[in-house]
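Notes follow the structure.
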Amino acid sequence: MLLCATPALAFDLQAHRGGRGLAPENTLAAFAQAASLGVDTLELDIGLTADGVVVISHDTSLNPDHTRDAQGQWLAAKGPSIRSLTLAQLQRYDVGRLRPESDYGKQFAQQKPVDGQRIPTLASLFDQVRALPEARLRMNIETKVDPTQPDETAAPDAMTDALLAEIERAGMAGRVTIQSFDWRTLARVAQRAPDIPRAYLSSPRTLADSRWTAGLELASHGGSAPQLVKAAAGASPKAAVIWSPSFGQLTQAQVQEAHKLGLQVLPWTVNGRADMARLIDWGVDGVITDYPNLLRDVMRERGMPLPAGSEAAR
Ligand code: G3P
Ligand code: CA
Numbered sequence: 003m004l005l006c007a008t009p010a011l012a013f014d015l016q017a018h019r020g021g022r023g024l025a026p027e028n029t030l031a032a033f034a035q036a037a038s039l040g041v042d043t044l045e046l047d048i049g050l051t052a053d054g055v056v057v058i059s060h061d062t063s064l065n066p067d068h069t070r071d072a073q074g075q076w077l078a079a080k081g082p083s084i085r086s087l088t089l090a091q092l093q094r095y096d097v098g099r100l101r102p103e104s105d106y107g108k109q110f111a112q113q114k115p116v117d118g119q120r121i122p123t124l125a126s127l128f129d130q131v132r133a134l135p136e137a138r139l140r141m142n143i144e145t146k147v148d149p150t151q152p153d154e155t156a157a158p159d160a161m162t163d164a165l166l167a168e169i170e171r172a173g174m175a176g177r178v179t180i181q182s183f184d185w186r187t188l189a190r191v192a193q194r195a196p197d198i199p200r201a202y203l204s205s206p207r208t209l210a211d212s213r214w215t216a217g218l219e220l221a222s223h224g225g226s227a228p229q230l231v232k233a234a235a236g237a238s239p240k241a242a243v244i245w246s247p248s249f250g251q252l253t254q255a256q257v258q259e260a261h262k263l264g265l266q267v268l269p270w271t272v273n274g275r276a277d278m279a280r281l282i283d284w285g286v287d288g289v290i291t292d293y294p295n296l297l298r299d300v301m302r303e304r305g306m307p308l309p310a311g312s313e314a315a316r
């Protein structure tokens, strides 16, 4: 696989689902807005349609909190799974607006709707990113696979192989990281595309269940999440290895331990100003946030360099 690697970032400002605090999650509109605002990396999630197309969606089934059908009606309940629909069928749904009375809609009340947005293909995002004047923008792509619900999505190897093929077709290997809670995905990436950086996602729930950690047991690694990630990544990895924990349980000692092991630390999903400042003080290598505008403010106040926006780069 051809690489044109961008250098390691001093600090990686990642827009979670394209910055869902500001724009409809995982849509081309959100990704364009984040690029315009100025972020280092677009965070996104993928699934595989019935006809084998890699599409960008956090949910494995259509989410009634932000999905309307071809008649403009909100889905009354959880919709069909991504894997059961062809791309053409999927494109009939509008995901450009949150259902305002839903708890989810209330949680992201600042989000500006963009009616008409469809669940995009990964290829269309690659085209959009390629057309930007800012050539350093990266993408952190999460395979949404759940080992506890194997029927809900494509199998991990099939999804990973489809993702790697799409990355190769687009010549984007030097601009992506692949992340997953299901570490079987990352073992496949290490085997088939060892030059692509890998981010090992974790939460207390996934660390306690070895179905998520490719069979590795936390207890066999001194109860240390950084050591578990190091073991999963294997000896002498060719690309960067990132530990991406939920930020609420992360400690400064864990950040230090991970760094000693050669891992980068990239917590998710950090939306509060004080939490952002504390994590930066602890020396994390980046932060994933729904509010890239707020993280830019915190970085600016601390005198940190800011990623250029695509508007500024024109
Ligand atoms: O990148 C980590 C973060 O995106 C994981 O959470 O559920 O939003 O995909 P989720
Ligand atoms: Ca994600």
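Throughout, this note's numbering is defined as the position within the sequence shown, counted from one, plus 2.
Where is the CB? At the ideal position from N, CA and C, for every residue including glycine.
On a predicted model such as this, the values are computed, not experimentally measured, just so you know.
- Taking C-beta separations shorter than 8 angstroms and ignoring five residues to either side along the sequence, the partners of Trp245 in its chain run Ala201, Tyr202, Ser204, Ala227, Pro228, Val231, Ala260, Leu265, Gln266, Val267 and Leu268, following chain order.
- Assignment of Thr29 by DSSP, reduced to helix, strand and coil, places it in the coil class.
- Taking non-hydrogen atoms of ligand 1 into account, the C-beta of Trp270 is found less than 8 angstroms away from one of them.
- Taking one beta carbon from each stretch, the segment 29–44 and the segment 158–166 have fewer than 3 pairs nearer than 8 angstroms; the two do not touch.
- When rounded, the separation of the alpha-carbon atoms in Val257 and Trp284 is 7 angstroms.
- CA-CA distance, Pro82 to Gln119, rounds to 18 angstroms.
- Counting only the Cα atoms, Asp67 lies some 6 angstroms from Ser104.
- By the CB criterion at 9 angstroms, Asp197 and Arg138 fall outside the cutoff.
- Rounded to the nearest whole angstrom, the CA to CA distance from Gly49 to Asp211 is 23 angstroms.
- Scanning its chain for C-beta atoms nearer than 7 angstroms, with the 5 sequence neighbours on each side dropped, one finds around Phe33 the residues Gly20, Leu44, Leu127 and Gln130, in chain order.
- Look at which beta carbons fall closer than 5 angstroms to any heavy atom of ligand 2; those residues are Asp47 and Glu144.
- If you draw a straight line from the Cα of Ile290 to the Cα of Ala25, it comes to about 15 angstroms.
- Comparing alpha-carbon positions, the option among Arg99, Arg190, Ala90 and Ala133 lying closest to Asp163 turns out to be Arg190.
- Residue state for Tyr202 is assigned as strand, using DSSP reduced to three classes.
- Separation of Leu263 and Trp76 (C-alpha to C-alpha, rounded to the nearest whole angstrom) is 48 angstroms.
- The alpha-carbon separation between Ile84 and Thr51 amounts to approximately 5 angstroms.
- By a beta-carbon distance limit of 8 angstroms, Gly98 contacts Pro115. Their separation comes to about 6 angstroms.
- Between the alpha carbons of Met306 and Val300 lies a distance of about 9 angstroms.
- Set against 8 angstroms, the gap from the CB of Gln93 to the closest heavy atom of ligand 1 is not smaller.
- Taken in chain order, the complete alpha helix (DSSP H) segments of 4 residues or longer contained in the segment 229–273 are 254–262.
- By the beta-carbon neighbour count (other beta carbons within 10 angstroms, threshold 16), Ser63 is buried.
- DSSP places Met306 in the coil class of the three-state scheme, outside both helix and strand.
- Under DSSP, Met141 shares a beta bridge with Leu44 and Val178.
- According to the DSSP assignment, Ile121 belongs to no beta strand (DSSP E), since it is labelled neither H nor E.
- By the Cβ criterion, the segment 215–227 is not in contact with the segment 169–182, since fewer than three pairs of Cβ atoms, one from each stretch, lie closer than 8 angstroms.
- Taking the Cβ atoms as the reference, Thr179 lies roughly 7 angstroms from Arg140, within the contact range of under 8 angstroms.
- Sequence-distant Cβ neighbours of Phe249 in its own chain, meaning closer than 7 angstroms and more than five residues away, are Pro269, Trp270, Val272, Asp277 and Leu281.
- When secondary structure is reduced to three states using DSSP, Val97 falls in the coil class, being assigned neither helix nor strand.
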